[in-house]
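S.K.: Position one of the sequence shown corresponds to residue 208 (our numbering), numbered consecutively onward.
C-beta atoms are modelled at their ideal positions from N, C-alpha and C, and glycine is treated no differently.
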Amino acid sequence: MTDLRNGQSAAVSCVHGSLFCKIHSLSALPHKLLSYSLKGSLPHPFCPGEIVLKSSHKFDELVRNSVPELHNVSVHIRDRKKVEDTLECFRKGGPSRVQVISDFDMTLTRFAYNGTRVPTCHNIIDNSRLISEEGKKKLKDLLNTYYPIEIDPAFTVEEKLPFMVEWWTKAHNFLVAEKIQKSQITRVVKESNVMLREGFEVFFRQLHKNGIPLFIFSAGIGDILEEVIRQAGVFYSNITVVSNYMDFDGNGILQGFKGDLIHTYNKHEGALKNSGHFEKLDDKRNVILLGDSLGDLQMADGVENMENILKIGYLNDKVDKLRGQYLEGYDIVLEKDETLNVVNAILQYISAQN
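(1) Once the 5 residues before and after S558 are set aside, which same chain residues still bring their CB inside 6 Å of it?
(2) Over the uninterrupted alpha helix (DSSP H) stretch that includes M371, give me the two end residues.
(3) For G342 versus F381, is the C-beta distance shorter than 8 Å?
(4) Under DSSP, the alpha helix (DSSP H) around F411 begins and ends at which residues?
(5) Q306 lies in the beta strand (DSSP E); which residues open and close that run?
(6) Find the nearest neighbour of V364 within the set H470, S482, Q555 and V540, judged by alpha-carbon distance.
(7) Report buried or exposed for P326, applying the criterion of at least 16 other Cβ atoms within 10 angstroms of its Cβ.
(8) Starting from the C-beta of L554, find all residues in its chain whose C-beta is less than 6 Å away, skip the five residues before and the five after it, and write them out in chain order.
(9) Based on Cα-Cα distance, which residue from I356, F407 and D348 lies nearest to Q552?
(10) Just list the residues that DSSP pairs T316 with in beta bridges.
(11) On the premise that L496 lies in contact with A507, defined as a C-beta separation below 8 Å, what is that separation, rounded to the nearest angstrom?
(12) Given a cut-off of 8 Å on the beta-carbon distance, is the pair N458 and F297 in contact?
(13) On the premise that V282 lies in contact with V510, defined as a C-beta separation below 8 Å, what is that separation, rounded to the nearest angstrom?
(14) Assuming E545 contacts F318 under a Cβ cut-off of 8 Å, what Cβ separation, rounded to an integer in Å, is found between them?
(15) When burial is assigned at 16 or more other CB atoms within 10 Å of the CB, is S566 buried or exposed?
(16) So, at 7 Å on beta carbons, what are the nonlocal neighbours of K345 in its own chain, with the 5 sequence-adjacent residues on each side left out?
(17) Alpha carbon to alpha carbon, how far is C254 from N330? Give it in angstroms, no decimals.
(18) May I ask you to report which of helix, strand or coil DSSP gives F422?
(19) Express the C-alpha separation of D524 and R530 in angstroms, rounding to a whole number.
(20) Using DSSP's beta-bridge definition, name the partner residues of G520.
(21) Under 8 Å, do V372 and D538 count as touching if we go by C-beta distance?
(22) Enumerate in chain order the residues of its own chain whose CB-to-CB distance from L368 is below 6 Å, with the five nearest sequence positions on each side excluded.
(23) For I390, which residues from the same chain have a beta carbon less than 8 Å from its beta carbon, with the 5 sequence-adjacent residues on both sides left out?
(24) Is the beta carbon of F424 less than 8 Å from the beta carbon of D499?
(25) Flag this pair as yes or no: are the beta carbons of A439 and L403 separated by less than 8 Å?
(26) F464 by DSSP, collapsed to three states: which one?
(27) Out of L432, D456, H475 and D490, state which residue places its alpha-carbon closest to the alpha-carbon of G313.
(28) Taking just the CA atoms, how far does Y320 sit from K543?
(29) What's the gap between the Cα of A567 and the Cα of F455?
(30) Let's test the definition: count the other Cβ atoms within 10 Å of the Cβ of Q462 and tell me whether it reaches 16, buried, or not, exposed.
(31) Rounded to whole angstroms, what's the CA-CA distance from W375 to E434? Just pull it up for me.
(32) Between N451, E476, H415 and Q532, which has its C-alpha nearest F442's C-alpha?
(33) First and last residue of the beta strand (DSSP E) that includes D348?
(34) I need the straight-line Cα distance from T447 to L517, nearest angstrom please.
(35) Using beta-carbon positions only, say whether R304 and N493 come within less than 8 Å of one another.
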């Protein structure tokens with residue numbers, strides 16, 4: 208290729224028949240093409256070291272054929288071209304450049320099963336034999352008061368913040384008053400109706416096999432969360448959990464919670480506080496984010512030098528009211544989908560041999 212600015216040969220190489228030409232130097236771009244890039248006309252997302260100079264129709268078709276799950280009835284995508292381009296960048300980078308950041312309750316766990324709500328980490332404790340009938344009533348009243356606010360699109364995130372702090376603080380204080388015993392945690396999880404989403408074995412195994420780190424960022428209870436994963440037999444070494452962990456006294460009785468409170472809408476601050484974790488994964492610059500609330504969209508804020516991010520959101524409740532907001536925030540919205548099938552298909556596509 209000739210550089211139209213100085214007539215010299217540009218540092219550009221094209222593979223015959225390839226969809227891509229590799230740009231070895233941005234200064235080697237022809238002036239006209241460079242001016243397009245400054246206007247944002249070049250394909251986005253941008254795969255480092257590559258630029259699409261030919262039609263991208265073929266690789267878009269490749270993505271569609273390779274990940275047919277993206278056409279499931281539960282899948283809603285606002286900008287399909289952007290998603291397809293992002294997936295192609297992920298595939299070219301391979302699994303070694305990927306990390307997954309995920310919420311837990313109602314994201315990795317089911318929202319409902321056969322029409323019945325599946326318990327969250329807090330629900331597992333709230334509904335267990337460890338809580339008195341009076342305590343259960345108080346916790347249920349909190350849920351009925353604050354959950355509608357949590358998911359109400361009429362409230363801004365800023366307006367919801369004080370209510371979430373109030374809810375979590377009161378709930379944790381009630382749990383402390385019940386004098387919960389650490390030795391009973393394993394039993395109450397086993398006796399609960401908690402369920403990970405269909406396809407969870409493939410999800411966790413795929414990530415572990417391909418060396419993809421899984422960072423679980425949860426506003427639930429870390430002790431319960433870990434026990435759920437452990438009892439499912441998928442607590443692999445690539446998993447890191449940040450959550451609200453119980454603090455037990457010398458007799459194994461709950462006396463409080465460790466560290467700063469994590470609730471649905473303060474994950475931005477939590478992500479920044481865990482920037483040290485993400486710094487260790489500096490080469491993992493392609494991020495898959497999984498969440499079920501608008502607050503989960505900020506879980507990757509601590510990742511520096513991120514090249515591409517694919518945000519996948521589970522829309523479990525009040526779907527008609529929330530669909531618009533979820534489509535604005537998430538790249539892929541999975542509506543009333545109790546499986547990990549779409550996520551697993553994407554991971555398989557990324558991990559496939561080039």
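M.R.: Answer, in terms of the structure:
(1) For the purposes of this step, residue 558 is taken as residue 351 along the sequence shown, with counting starting at 1. Non-local C-beta neighbours of S558 in its own chain, meaning closer than 6 Å and more than five positions away in sequence, comprise P302 and N417, ordered along the chain.
(2) Here the question's residue 371 lines up with position 164 in the sequence shown. Start and end: V364 to A384.
(3) Stepping through the sequence shown from its first residue, residue 342 is reached at position 135. Stepping through the sequence shown from its first residue, residue 381 is reached at position 174. Taking a C-beta distance under 8 Å as the contact criterion, G342 and F381 qualify as a contact pair.
(4) Residue 411 sits at position 204 when you count from the first residue of the sequence shown. Looking at the DSSP string, the run of the alpha helix (DSSP H) that includes F411 is F407 to K416.
(5) Position 99 of the sequence shown, counted from the start, is the residue given in the question as residue 306. Note, Q306: beta strand (DSSP E), V305 to S309.
(6) Indexing the sequence shown from 1 puts residue 364 at position 157. The shortest C-alpha separation from V364 is found at H470.
(7) In the sequence shown, residue 326 corresponds to position 119, counting from 1. Buried: at least 16 other Cβ atoms inside 10 Å.
(8) Within the sequence shown, numbered from 1, the residue matching residue 554 stands at position 347. Within the same chain, L554 has close Cβ partners Q413.
(9) The residue labelled residue 552 in the question sits at position 345 within the sequence shown. Looking at the sequence itself, residue 552 is Ala, so the reference to Gln does not match. Of I356, F407 and D348, the residue nearest in Cα terms is F407.
(10) In the sequence shown, counting from the first residue as 1, residue 316 sits at position 109. Per DSSP, the beta-bridge partners of T316 are L403.
(11) One-based indexing of the sequence shown puts residue 507 at position 300. One-based indexing of the sequence shown puts residue 496 at position 289. That pair is a contact at about 5 Å.
(12) Here residue 458 is taken as the residue at index 251 of the sequence shown, counted from 1. Here residue 297 is taken as the residue at index 90 of the sequence shown, counted from 1. Their beta carbons are not under 8 Å apart, which means N458 does not touch F297 by this criterion.
(13) As a first step, residue 510 is located in the sequence shown; it is residue number 303 there, counting from the start. As a first step, residue 282 is located in the sequence shown; it is residue number 75 there, counting from the start. No, V510 and V282 are not in contact; Cβ-Cβ is about 25 Å, not under 8 Å.
(14) Translated into positions along the sequence shown, residue 545 becomes position 338. Translated into positions along the sequence shown, residue 318 becomes position 111. Contact between E545 and F318 is confirmed by a C-beta separation of about 7 Å, below the 8 Å threshold.
(15) Only positions 208 to 561 of the chain appear in the structure, and residue 566 is not among them; the question remains open.
(16) By 1-based counting over the sequence shown, the position of residue 345 is 138. The residues are F381.
(17) Sequence index remark: in the sequence shown, residue 330 carries index 123 (1-based). Sequence index remark: in the sequence shown, residue 254 carries index 47 (1-based). So the two alpha carbons sit approximately 43 Å from each other.
(18) Taking the sequence shown and counting its residues from 1, one reaches residue 422 at position 215. Under the three-state reduction of DSSP, F422 is assigned to strand.
(19) On the sequence shown, position 323 is the one that residue 530 refers to. On the sequence shown, position 317 is the one that residue 524 refers to. Spanning the two alpha carbons is a distance of roughly 10 Å.
(20) Counting from one through the sequence shown, the residue named residue 520 turns up at place 313. Per DSSP, G498 and V540.
(21) Your numbering for residue 372 matches position 165 in the sequence shown. Your numbering for residue 538 matches position 331 in the sequence shown. In this structure, V372 sits away from D538, with a CB-CB distance that is not shorter than 8 Å.
(22) Position 161 of the sequence shown, counted from the first residue, corresponds to residue 368. A distance below 6 Å between beta-carbons, with the five flanking residues on each side excluded, links L368 to the following residues of its chain, in chain order: Y472.
(23) For the purposes of this step, residue 390 is taken as the residue at position 183 of the sequence shown. Note on residue identity: the sequence assigns Ser, not Ile, to residue 390. Taking S390 as the centre and dropping the five residues before and after it, the same chain places the C-beta of G459 closer than 8 Å to its C-beta, in chain order.
(24) In the sequence shown, the residue the question calls residue 424 occupies position 217. In the sequence shown, the residue the question calls residue 499 occupies position 292. Cβ distance not < 8 Å, so F424 and D499 don't count as in contact.
(25) The sequence position of residue 439 within the sequence shown is 232, counting from 1. The sequence position of residue 403 within the sequence shown is 196, counting from 1. Result yes, Cβ atoms of A439 and L403 sit closer than 8 Å.
(26) The residue you call residue 464 lines up with position 257 of the sequence shown. DSSP places F464 within a strand segment (E or B) once states are collapsed to three.
(27) One-based indexing of the sequence shown puts residue 313 at position 106. Note on residue identity: the sequence assigns Met, not Gly, to residue 313. Out of L432, D456, H475 and D490, L432 has the C-alpha closest to the C-alpha of M313.
(28) Locating residue 543 in the sequence shown gives position 336, where the first residue counts as 1. Locating residue 320 in the sequence shown gives position 113, where the first residue counts as 1. Looking at the two C-alpha atoms, the distance is approximately 11 Å.
(29) Only positions 208 to 561 of the chain appear in the structure, and residue 567 is not among them; the question remains open.
(30) On the sequence shown, residue 462 is found 255 positions in, with the first residue counted as 1. Result: exposed.
(31) Taking the first residue of the sequence shown as 1, we reach residue 375 at position 168. Taking the first residue of the sequence shown as 1, we reach residue 434 at position 227. Looking at the two C-alpha atoms, the distance is approximately 21 Å.
(32) In the sequence shown, counting from the first residue as 1, residue 442 sits at position 235. It is H415 whose Cα lies nearest to the Cα of F442.
(33) Here the question's residue 348 lines up with position 141 in the sequence shown. Taken as a continuous stretch (DSSP letters only), D348 belongs to no beta strand (DSSP E), being part of the alpha helix (DSSP H) at E340 to E357.
(34) In the sequence shown, counting from the first residue as 1, residue 447 sits at position 240. In the sequence shown, counting from the first residue as 1, residue 517 sits at position 310. T447 and L517: Cα-Cα distance of roughly 20 Å.
(35) Reading the sequence shown from its first residue, position 97 is the one you call residue 304. Reading the sequence shown from its first residue, position 286 is the one you call residue 493. Result yes, Cβ atoms of R304 and N493 sit closer than 8 Å.
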